[in-house]
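Position 477 of the sequence shown, counted from 1, bears residue number 477 in full-length UniProt numbering, the numbering being contiguous throughout.
Ideal Cβ positions, reconstructed from N, Cα and C, are used throughout, including at glycine.
Keep in mind that this is a model prediction, so the values were computed, not measured.
Worksheet for the structure shown next.
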Amino acid sequence: MYKLLIADDEPWIRQGLLQIIDWRGCGIDEVWEAEDGGEALAKSLAFQPDIIITDVRMPDLDGLELCNRLRDRLPRTKVIIISGYQDFDYARRAVTLGVFDYIVKPLNEENIVATVQRCLGTIAQERQRQDELEAAKTQMRAHSSLRQQESLYRLLKEAVRDGAAALDSLRQLGLNMKAAAYRVFLAEISDFERLKRQLSLKEQDDMKLRLLKALQGWIDLHGVGLALPGENDRIYGCVGFPEAPPEAGLEREWQGWRAIPGHGPELSIRLYVSGRGTDLTQLPELREQAERCRERRFFAPQTALLFYDPAQDPPPAAAAAPYRYDAHSERGILEALRLGDRALLQQRLRQLAGELLEHHQSLTSQEALFIYEGLLEYVSRELAEEVPQAAGQFSADKLRTLKELKYQDHLDKAARCVESQFLEWLDRLRQLLGGEKRKIIRCVREYVEQRYPQKISLATAAEHFHFNPSYLSKLFCSETGESFTKYLMKIRIARAKEILKDPSVRIYEVGDRVGYSDLKYFTKVFKELEGLTPGEYRDRCLPHKLNSISK
1 MYKLLIADDE PWIRQGLLQI IDWRGCGIDE VWEAEDGGEA LAKSLAFQPD IIITDVRMPD
61 LDGLELCNRL RDRLPRTKVI IISGYQDFDY ARRAVTLGVF DYIVKPLNEE NIVATVQRCL
121 GTIAQERQRQ DELEAAKTQM RAHSSLRQQE SLYRLLKEAV RDGAAALDSL RQLGLNMKAA
181 AYRVFLAEIS DFERLKRQLS LKEQDDMKLR LLKALQGWID LHGVGLALPG ENDRIYGCVG
241 FPEAPPEAGL EREWQGWRAI PGHGPELSIR LYVSGRGTDL TQLPELREQA ERCRERRFFA
301 PQTALLFYDP AQDPPPAAAA APYRYDAHSE RGILEALRLG DRALLQQRLR QLAGELLEHH
361 QSLTSQEALF IYEGLLEYVS RELAEEVPQA AGQFSADKLR TLKELKYQDH LDKAARCVES
421 QFLEWLDRLR QLLGGEKRKI IRCVREYVEQ RYPQKISLAT AAEHFHFNPS YLSKLFCSET
481 GESFTKYLMK IRIARAKEIL KDPSVRIYEV GDRVGYSDLK YFTKVFKELE GLTPGEYRDR
541 CLPHKLNSIS K
């Protein structure tokens with residue numbers, strides 16, 4: 001659609017042109033009016049009409065002077081002059097000023113409409129030519145940019161012998177890469193794998209394009225180079241600096257933008273930056289440094305910006321101490337779950353994460369995740385066997401967490417993901433087994449009270465109830481506040497005190513009846529609990545001295 005301005009100092013002419021002619025039918029949907037040349041100039045600059053119909057004679061500023069002032073400022077606006085008489089000098093000036101047409105009053109509707117239609121046809125042709133020209137320029141720029149990207153990407157991937165020849169080759173493509181220092185970076189959108197599940201393909205492409213443009217803008221601001229789309233949703237960048245910036249200064253520069261605003265959600269990004277090179281022949285090495293920097297992100301401190309550090313490169317295979325995962329860790333974590341001990345569970349999970357971090361030079365991120373996956377498999381299977389009524393829920397939880405674990409790009413995140421699931425399981429076990437544990441302890445106590453004269457121990461009790469001795473020991477202690485051994489001693493000594501009140505039973509017989517065949521050990525245990533020997537206790541309890549009988 002098009003815009004029109006009518007300028008005439010005679011109101012009846014302005015209103016006639018406004019009201020009589022069906023401008024919308026002509027393809028014009030916006031029409032303004034001005035009562036003199038000054039107002040016409042101001043409105044033209046403000047609204048930028050496609051066509052101006054103006055009287056040649058107006059106060060303040062006549063039609064030709066209006067054309068003169070607008071010629072450079074609105075070169076695409078067409079002007080149609082109307083005049084009360086035919087004047088050769090005016091017509092000649094109008095032609096030199098580039099006026100589209102010159103209409104003599106009295107005005108004829110058909111003539112005006114026909115002139116405007118011709119004018120609109122000319123404008124449409126000019127727009128089409130302009131669009132074709134812009135399209136050709138865009139195509140040329142895109143072709144040139146694509147060739148530049150392909151050439152620079154090839155330099156990142158394949159080593160060249162002659163840096164000067166590489167510079168000249170890029171210069172012929174319109175890319176000047178002459179610089180004092182070079183760095184290669186690798187950029188990616190944080191949590192993009194997770195975001196991809198929520199976004200359409202178009203939205204994903206839009207996000208990557210925003211990142212590409214932002215990176216190119218940063219490069220253009222600080223040096224020369226290109227941002228290049230790479231594999232697996234990554235973007236490579238090669239930037240040449242006019243002078244070699246110090247490491248700290250460069251870090252401050254990069255830290256200036258960790259997130260990219262724009263349409264849609266704000267993009268949080270991560271950057272992996274190579275060391276510094278001084279020649280284009282070093283680009284493949286710099287690219288490898290940026291990629292190694294990304295590879296160690298799983299174990300590195302969580303940051304949006306990671307610089308290559310040669311000290312962090314893995315040592316040769318022979319020098320690297322291999323990490324041997326101990327299945328005892330799995331059993332310890334399961335035991336903490338069974339006990340319902342939140343602090344112990346967190347301690348053992350964090351101990352495992354600490355071991356993985358300690359051995360990061362001999363582990364890949366995939367190997368670390370595989371250890372967590374194995375832990376989830378083992379524990380969920382054991383819990384399902386112990387609590388069959390919740391087996392389906394344990395399996396569903398495991399599958400969900402395994403899926404989440406796949407998207408974790410840092411050890412801390414993976415550890416938190418697993419810890420969160422284990423704490424959820426701990427709470428569920430407390431709910432499901434709270435009564436069950438009390439039942440187990442009650443049965444163990446009954447076992448002790450019925451068999452205390454026999455040779456029983458924690459091991460025999462665990463075997464009787466089909467429990468791991470360590471698990472039963474900690475369960476008993478957590479539920480009763482004392483150890484199994486202590487409880488057994490108290491039961492035996494309590495029964496011994498009852499028997500000692502019978503003077504006919506000798507002290508060694510008392511010990512034997514409550515499970516202590518060794519008189520010295522019985523005496524030691526009795527005194528430890530009661531503060532008296534069995535004989536001293538009997539003397540206090542009996543009103544008469546019967547030592548001669550009882551001993």
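Counting along the chain, Tyr537 sits inside the alpha helix (DSSP H) bounded by residues 534 to 541.
The C-alpha of Leu369 is placed about 31 angstroms away from the C-alpha of Phe467. Assignment of Val184 by DSSP, reduced to helix, strand and coil, places it in the strand class. Under the three-state reduction of DSSP output, Glu33 falls in the strand class.
In the DSSP assignment, Phe370 is bridged to no other residue. Note on Trp12: under 16 other CB atoms within 10 angstroms of its CB, so exposed under the neighbour-count rule. Counting the other CB atoms within 10 Å of its CB gives Leu45 a total below 16, which places it among the exposed residues. Pairwise C-beta distances place the region 346 to 359 out of contact with the region 438 to 456, as fewer than three of them are shorter than 8 angstroms. Around Leu215, the same chain offers Ala187, Ala227, Ile235, Gly237 as residues with beta carbons nearer than 7 angstroms, after the five sequence neighbours per side are excluded. Looking from the CA of His360, the closest CA among Leu432, Glu382, Asp412 belongs to Asp412.
Here the region 281 to 295 lies against the region 178 to 196, with 3 or more beta-carbon pairs under 8 angstroms apart. At a cut-off of 3 residues, the continuous stretches assigned as beta strand (DSSP E) that sit fully inside the region 22 to 102 are 28 to 34, 51 to 55, 78 to 83. Contact between Ile21 and Glu109 holds, with the beta-carbon distance rounding to 6 angstroms and staying under 8 angstroms. For Gly230, the three-state secondary structure derived from DSSP is coil. With at least 16 other beta carbons inside 10 angstroms of its own, Thr401 counts as buried. Ranked by how close their Cα comes to the Cα of Leu286, the residues Pro301, Phe394, Ile81, Pro310 have Pro310 in first place. Annotated three-state conformation of Gly340 is coil, per DSSP. For Arg270, the pairing in a beta bridge is given by DSSP as Glu188. Counted as a single uninterrupted DSSP element, the beta strand (DSSP E) harbouring Lys3 occupies residues 2 to 7. The beta carbon of Tyr452 sits closer than 7 angstroms to the beta carbons of Leu488, Ile491, Arg492, Arg495, Val514, Gly515 from its chain, once the five residues preceding and following it are set aside; these are given in chain order. Around the C-beta of Thr96, fewer than 16 other C-beta atoms lie within 10 Å, and the residue is accordingly described as exposed.
By the neighbour-count criterion, in which a residue is buried when 16 or more other Cβ atoms sit within 10 angstroms of its Cβ, Gly392 is exposed.
For Leu305, the pairing in a beta bridge is given by DSSP as Leu271. The beta carbon of Leu167 sits closer than 7 angstroms to those of Met177, Lys178, Leu280, all from its chain and outside the five residues before and after it, given in chain order. According to the DSSP assignment, Ile235 belongs to the beta strand (DSSP E) that extends over 235 to 241. Under the three-state reduction of DSSP, Val387 is assigned to coil, being neither helix nor strand. Distance between Pro284 and Gln148, taken at the CA atoms: about 17 angstroms.
Around the CB of Cys541, fewer than 16 other CB atoms lie within 10 Å, so the residue is classed as exposed. Remark: fewer than three beta-carbon pairs, one from each stretch, lie closer than 8 angstroms, so the region 155 to 166 and the region 199 to 207 are not flagged as touching. Arg348 and Ala180 have their C-alpha atoms spaced approximately 51 angstroms apart.
The residue among Pro503, Gln408, Arg538 with its C-alpha nearest the C-alpha of Asp191 is Gln408. Between Glu132 and Leu146, the alpha-carbon positions lie close to 20 angstroms from each other. One alpha carbon belongs to Glu231, the other to Arg154, and they sit about 14 angstroms apart. Of the candidates Glu193, Glu419, Ile123, Ser457, the residue whose Cα lies closest to the Cα of Ile269 is Glu193. Straight through space, the alpha carbons of Gly63 and Arg93 are spaced by roughly 11 angstroms. The beta carbon of Cys119 sits closer than 6 angstroms to those of Ile51, Lys78, Phe100, all from its chain and outside the five residues before and after it, given in chain order.
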